[in-house]
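See below for the structure under consideration.
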Amino acid sequence: MNQAHAAFIPSAASLLHFYTPDRQTFYRRQGWQTIEDSTVNGEDLSILASRPMHDAVGL
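First residue of the sequence shown? That's 12 in our numbering, and the numbers climb one at a time after it.
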């Protein structure tokens with residue numbers, strides 16, 4: 012996921028978002044925050060968000 016942060020092109024978006032059905036703990040350890048838990052097509056999943064690295068270091 013660090014590659015997604017590094018490749019993120021500055022734009023109007025200030026957060027990266029994605030969802031995962033089963034890797035919440037791993038991504039929380041990486042600094043992602045759960046913004047919503049949901050069920051889609053009968054599958055429980057979490058939507059997570061993180062600031063791009065350039066925002067975190069003030070670039």
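All residues carry an ideal CB built from backbone N, CA and C; glycine is no exception.
Separation of residue j from residue i, as counted between CA atoms
| i | j | result |
| --- | --- | --- |
| G42 | S57 | 15 Å |
| T36 | T45 | 10 Å |
| R40 | L59 | 12 Å |
| E54 | D33 | 10 Å |
| S61 | L26 | 6 Å |
| Y38 | D48 | 14 Å |
| L70 | P63 | Its pLDDT being 44, under 50, L70 is placed unreliably by the model, and the measurement read from it follows with that caveat. If I take the Cα positions, the gap works out to 10 Å. |
Proximity to residue i [Cα-Cα], best of the options
| i | options | result |
| --- | --- | --- |
| V51 | Y38, R62 and Y30 | Y30 |
Residue i Cβ short of 7 Å to the ligand ZN heavy atom set
| i | result |
| --- | --- |
| E54 | What this structure holds is no ligand at all, so the ligand ZN is not there to describe. |
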